[in-house]
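Numbering (mature numbering (1 follows the signal peptide of the UniProt record, and there is no 0)), first residue to last: -29 to -1, 1 to 66.
All C-beta atoms, glycine included, are put in the ideal place defined by N, C-alpha and C.
What follows is a short report on a single structure.
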Amino acid sequence: MTMQIRKRLLGILLAASCASAVSAPLALAQTTITPEMKAKARQTMSVCRADYQKFCANVPRGNGRILSCLNANMNQLQQACAAALQELPPPPGTN
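Spelled out as structure tokens, the structure:
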């Protein structure tokens, strides 16, 4: 996986991790990307790398499309990737 793809996927995962903060009452306190959030995004990216390449490599990046692709293929993902994705907060407007 190229560094550019890693950075884009990390950005997508970070955005997904922060997304629920937008609708939360304490949104201002939660909009800062914490080291824990960065670590979780990196971990998820690492765990899901093979599944991303297998199912979503041709999906245009942005607007949560890669996460949507991975979620759409949830039943076919490696167990570790599926578990990591389920630990991410839901995107805004879905809870």
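- The Cβ-Cβ distance between C19 and C40 does not fall below 8 Å.
- The stretch 9 to 16 and the stretch 35 to 50 do not touch, with fewer than 3 CB-CB distances between them shorter than 8 Å.
- Assignment of beta strand (DSSP E) within the stretch 28 to 62, counting only whole runs of 3 or more residues, yields no such run.
- Here A28 is exposed: its Cβ has fewer than 16 other Cβ atoms, across all protein chains shown, within 10 Å.
- Under the DSSP assignment, K11 falls in the alpha helix (DSSP H) whose first and last residues are 6 to 22.
- Ranked by Cα distance from K25, the first of G35, L59, L48, E7 is L48.
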